[in-house]
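Number of protein chains: 2
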Amino acid sequence: MGLKITVERSTSPKQKPDTSNLVFGKHFTDHMFIMDYDAGQGWHDPRIIPYQPISLDPAAKVFHYGQTVFEGMKAYKTPGGPVLLFRPFKNLQRLNRSNTRLSIPSIDEDLAMEALKQLIKIDEDWIPTDEGTSLYIRPFVISTQATLGVSPSEQYSFMIILSPVGSYYAEGINPVSIFVESEYVRAVAGGVGNAKTGGNYAAGLKAQEEASGKGYSQVLWLDGVHRKYIEEVGSMNVFFKIDGKVVTPALNGSILDGVTRDSVIQVLKHWNIEVEERKLSIDELVEAYRKGTLEEAFGTGTAAVISPIGELNWQGDKMTLNEGRTGPLSEKVYEFMTGLQKGVVEDPFGWVVKL
Amino acid sequence: MGLKITVERSTSPKQKPDTSNLVFGKHFTDHMFIMDYDAGQGWHDPRIIPYQPISLDPAAKVFHYGQTVFEGMKAYKTPGGPVLLFRPFKNLQRLNRSNTRLSIPSIDEDLAMEALKQLIKIDEDWIPTDEGTSLYIRPFVISTQATLGVSPSEQYSFMIILSPVGSYYAEGINPVSIFVESEYVRAVAGGVGNAKTGGNYAAGLKAQEEASGKGYSQVLWLDGVHRKYIEEVGSMNVFFKIDGKVVTPALNGSILDGVTRDSVIQVLKHWNIEVEERKLSIDELVEAYRKGTLEEAFGTGTAAVISPIGELNWQGDKMTLNEGRTGPLSEKVYEFMTGLQKGVVEDPFGWVVKL
Ligand SMILES: Cc1ncc(COP(=O)(O)O)c(C=O)c1O
Ligand SMILES: Cc1ncc(COP(=O)(O)O)c(C=O)c1O
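Residue numbers (UniProt numbering), protein chains in the order written: chain B, 1 to 355; chain A, 1 to 355.
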């Protein structure tokens, strides 16, 4: 690993927010991690510094050509308990897969892990312990070279910021209504859909805005080639319980390889529930709904963990799932996953990392 | 228009670069334009200020979710002559089309035009007059709200920066070699391919990097659905002369509606050359090449104006066009377009705007 992380402590700690009513992603802790990259020199100067604005030339490539990647993970704590991370290496590995896809130099995963641990330790008091709360961790890389022209940047910054958060959806663990998108496309095979990069999210804003105008909290994306295979939801992978089996779209290059998705698949198998990772068309879903075999649906993602789906709107036809209530499987998976993450359920997988 | 642009002049003008040897996008003038947006308030405080770094919270949405748009245009000047802009309103209209697609609030085009004019006037001395040089103009919008979570930003900055430039390609007006991309995809129908937003360029970096490793300066993108219809090149639209006629891919939602493309189509028609805007498959191109009817090819874009294509590599097969030299039509269009833009050729279209 080689590089040593320096620490500059904040001399003016901020007021902490009321943790009983946290909005997602609005508050940030007292410190941040930053490390710079210059071609020729490599990554250098890893440091923890007081949370502060960053100053960039207006020509910095990040403002023009979208060469960025990010990650999202969480630290959990119960009152008096240790700080727990959930499969953090999976996120750091994915960060590097995203980096590779975006022509960004790799980051030493051990160094990033060390940075993560030190930063969280320093701001440990910021981790909320109320039900449904956690410390959201946002590692990200931006391209900083101040030169116009489309080419990979020769300079980058890798940062980690921390945010105490409540539920991602205002609805909390209540079922969400989802609009199945037939006009807009988020990503396509051969593109960057399986990388966690800004452009994928920007590409989804318009559809999300229109769906939200119709009263839906998220869109369900279909594939960009046939416009019929289920991909994923805004920032969640998606699972359907059809006739006793659980089906989720296979990793196909255009959806994100979710850490929660992978975990849920393993948990379900651990419970001897059959899981199929395969192509799943909207027609098959509609057919199952008509036959009464579409029993449950839920999204999986770090922010919301498990988000039951109460309604799907496909071209104006509303499909209500489990009478719009959280289904028993969604509930069971949610309880188990959040129990694991908070350290109140025994971890048979070795996923939980104590800080 | 209403808003008044304030001006703060730089007190420490920079050293101007040697204009006989300008690299694209590396030097910036003494001033920049900036205007901010806040939900509720709208766009406000349009101002010209000394060129300076911008300071943003690390949580600013631009760093995470890629909600950005940009434009590219040029100002030209001959020694002693007036400053000329080429169809600037087309760029400002496209800026707003990109804004709409990216859920960014529209910008008053008259105000933007006024900002452009005032800014260029102030930095007029920076406009190079050497052959092949110009002042590249980069208007762009970034999302600045410091809140994590995927949703349109409630705050933005719109900026304009200016850069004296030479040729975009190191080759200058010499023919470029292009690699026809069969693995990666840049954009797909239903996506944001027809918006000038960062994510499209980030998505293309990897392919460009690999092509450049094989000795090609750009890639030619195929459509993301059938993987066979010609779309466009890196930052250029593309034209082929086949059997006496000129063919260019029709605007299909996934390619950029280039200002140079539109202009070249009109110029060709003005010269009574037949132009077809339609679907064009790589197979048709290969077939024409085999039959000897693929006479010329060239890219069109603000940065390079006209860029003759000397070689196309399709799955390892090299197609050499016009013996690798600039074809007569490419040459003629280049001379006419650059003549128009510099004001040395009479403008029958009313495209050139004197400052
Ligand atoms: C597009 C997308 N899909 C799926 C997910 C779920 O991934 P994970 O479970 O790793 O959070 C996310 C969120 O990270 C996402 O942004
Ligand atoms: C993707 C893409 N296509 C085409 C073009 C050419 O457009 P224009 O002629 O307006 O510069 C550009 C450059 O602006 C571009 O970025």
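From the three backbone atoms N, C-alpha and C, an ideal C-beta is built for every residue, glycine too.
For the 8 Å CB-CB criterion, E277/B and T248/B form a contact. In this structure the region 190-197 of chain B does not touch the region 147-166 of chain B; the number of beta carbon pairs closer than 8 Å is below three. By the criterion of at least three beta-carbon pairs nearer than 8 Å, the region 199-214 of chain A is not in contact with the region 259-269 of chain A. In this structure, T100/B has its beta carbon at no less than 7 Å from each heavy atom of ligand 2. In terms of Cβ geometry, V69/A and L102/A form a close pair [threshold 8 Å].
When 7 Å is used as the limit between beta carbons, I161/A is near these residues of chain B: P58 and A59, in chain order.
Among the CB atoms of chain A, none fall inside 8 Å of the CB of V219/B. Looking at the DSSP output, N313/B bridges to F179/B and K318/B. Annotated three-state conformation of F298/A is strand, per DSSP. For M32/A, the C-beta contacts it makes with chain B under 8 Å involve P58, in order along the chain. Taking the Cβ of R186/A as the reference point, every heavy atom of ligand 1 lies at 7 Å or farther away.
Residues of the same chain with a CB within less than 7 Å of the CB of H27/A, apart from the 5 flanking positions on each side, are P17, S163 and P164 in chain order. Where H31/B is concerned, the enclosing beta strand (DSSP E) starts and stops at H31 to D38.
Following the DSSP letters along the chain, one finds S163/B inside the beta strand (DSSP E) bounded by residues Q155 to V165. In the structure shown, T248/B adopts extended strand secondary structure according to DSSP, grouped into three states. The CB of P152/A comes closer than 7 Å to the CB of L205 and E209 in chain B, given here in chain order. With the criterion set as a beta carbon lying under 8 Å from some beta carbon of chain B, the members of the region 186-205 of chain A are R186, A187, V188, A189, G190, G191, V192, T197, G198, G199, N200, Y201, A202, A203, G204 and L205, in sequence order. At least 8 Å separates the CB of F179/B from every CB of chain A. Annotation: the continuous alpha helix (DSSP H) that includes N91/B extends over P88 to R101. Within the region 35-58 of chain B, contact with chain A at the beta-carbon level (separation under 7 Å) is assigned to P53, I54, S55, L56, D57 and P58. Under the three-pair Cβ rule at 8 Å, the region 37-46 of chain B does not count as touching the region 130-138 of chain B. Among the CB atoms of chain A, one or more fall inside 8 Å of the CB of Q67/B. Interface residue (Cβ-Cβ distance to chain B less than 8 Å): V225/A is classified as such. Around the Cβ of A112/B, a 10 Å sphere holds 16 or more other Cβ atoms; the residue is buried. In this structure I282/A is in contact with V180/A, their Cβ atoms being roughly 6 Å apart against a cut-off of 8 Å. For S167/A, no CB of chain B lies under 8 Å from its own CB, so it is not counted at the interface with that chain.
According to the DSSP secondary-structure assignment, K77/B is paired through a beta bridge with V83/B. The C-alpha of V275/B lies about 7 Å from the C-alpha of L268/B. With fewer than 16 other CB atoms across the displayed protein chains lying within 10 angstroms of its CB, F349/A is exposed. Here the C-alpha atom of H270/A lies approximately 12 Å from the C-alpha atom of V333/A. For A288/A, same chain residues with a beta-carbon under 6 Å away, outside a window of 5 residues either side, are I242 and L294 in chain order.
Between I120/A and W314/B, the alpha-carbon positions lie close to 51 Å from each other. The alpha-carbon of K245/A is positioned some 7 Å away from that of I273/A.
At the C-beta level, K74/A and F86/A come within 8 Å of one another.
DSSP places E210/B in the uninterrupted alpha helix (DSSP H) bounded by L205 to G213. With respect to chain A, the C-beta atom of R101/B has a partner C-beta closer than 8 Å.
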